[in-house]
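Chains Z and H are the protein sequences, given in the same order.
Each residue of the first sequence is one higher than the one before, starting from 2 at the first, in my numbering.
Each residue of the second sequence is one higher than the one before, starting from 2 at the first, in my numbering.
Each residue gets a CB set at the ideal place from its N, CA and C atoms; glycine is no exception.
The model shown is predicted, which means the values in this text are computed figures rather than measured ones.
Written out below as structure tokens is the structure these notes cover.
2 protein chains.
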Amino acid sequence: MALKYSRQREVIKTFLCTRKDHPTADIVYMNVRQQYPNISLGTVYRNLTLLSEMGEITRLRVGDGVDHFDADTSPHNHFVCSECGNVIDLKMENIDYIKEAAEKNFSGRIDGYSAYFYGLCGNCCGKLQSS
Amino acid sequence: MALKYSRQREVIKTFLCTRKDHPTADIVYMNVRQQYPNISLGTVYRNLTLLSEMGEITRLRVGDGVDHFDADTSPHNHFVCSECGNVIDLKMENIDYIKEAAEKNFSGRIDGYSAYFYGLCGNCCGKLQSS
DNA sequence: TAGAAAACAATAATGATTACTAATTTTACT
DNA sequence: AGTAAAATTAGTAATCATTATTGTTTTCTA
């Protein structure tokens, strides 16, 4: 066995599972520190990377310059609010056919894709209208 | 008029137009410096940002931690090779219908989307097979 | 329970990008 | 053309997210 148990990793994973948003490493760090005060930020990063390499969580790069993490590894797409920056799960039909569309005139091999949508989330939409 | 002419900005734009790949700020800097030796990296960054804000170029965030820039602002999608890191234009059918698919069960406003495909480019595909 | 392997905390280093500042360029108006 | 205000620049410092390093502690296997 190459991967040893670690209390820190368990706490990180457990915390991430409680969240429906998609926290950054720093937010994970700040929260986990409340139950595990002397955990190190490096440990958070290392374990988030480990967990995503094992496929237990997903690392999201939504183009805001910070990595987000998601305990839900089932295939789904994300929305990023241009106003508040929140990352939200989209409940939408499967769009895997865009992979086939991309393969049509392409000479290499396409393994997958990443798609995210942007605009204003429900909250920010209401705030802007009323102002 | 708020935006003044600048020789540096013109050179940057002109250089970007000659490239079919999608150079990073650093690559733009290294190349532009050959015709404009004392240009500053900060100037390159500032003008790339300005140009993309004016809609003259596009800033691409393909999840490799570095911004790429594209003089082609027409809507099209990109492929990122997991092996060599190259960013390649995809000649594929329009997939804007994924925007409608995303809007269906969403309460906010969706302005757009960004879709990236990844895998092995033609070059790297051949190299791996022959080894 | 001993000893090797992995993980840790703390901290330093890296790499991309942005911010600052004093000097230079551009532009609008004489 | 001359000039003054505003934008831009080069050079450099600062920031921010992330990764690497190191000496110590934990985990696991025999």
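Taking one beta carbon from each stretch, the segment 45 to 60 of chain Z and the segment 69 to 81 of chain H have fewer than 3 pairs nearer than 8 angstroms; the two do not touch.
Residue environment for G66 (chain H): exposed (fewer than 16 other C-beta atoms within 10 angstroms of its C-beta). In the three-state scheme derived from DSSP, where H, G and I count as helix and E and B as strand, A116 (chain H) is classed as strand.
Within the segment 66 to 128 of chain H, the alpha helix (DSSP H) runs of at least 4 residues that lie entirely inside it are, in chain order, 98 to 104.
When rounded, the separation of the alpha-carbon atoms in D22 (chain Z) and P76 (chain Z) is 16 angstroms.
In chain H, no part has a C-beta under 8 angstroms from the C-beta of A26 (chain Z); the shortest such distance is about 14 angstroms. With respect to Y37 (chain Z), I111 (chain H) sits apart: the two C-beta atoms are not nearer than 9 angstroms. Per the coordinates, the alpha-carbon of T15 (chain Z) lies some 49 angstroms from the alpha-carbon of V33 (chain H). Where T50 (chain H) is concerned, the enclosing alpha helix (DSSP H) starts and stops at L42 to E54. Contact with chain H is absent for Y46 (chain Z), since none of that chain's Cβ atoms lies less than 9 angstroms from the residue's Cβ.
Beta bridge pairing from DSSP links R60 (chain H) with H:F70. Per DSSP, the continuous alpha helix (DSSP H) segment holding D27 (chain H) begins and ends at A26 to Q36. One alpha carbon belongs to A103 (chain H), the other to G64 (chain Z), and they sit about 18 angstroms apart. Around the beta carbon of L129 (chain Z), fewer than 16 other beta carbons sit within 10 angstroms, so the residue counts as exposed. Chain-ordered, the chain Z residues with CB closer than 8 angstroms to the CB of E94 (chain H) read A102 and K105.
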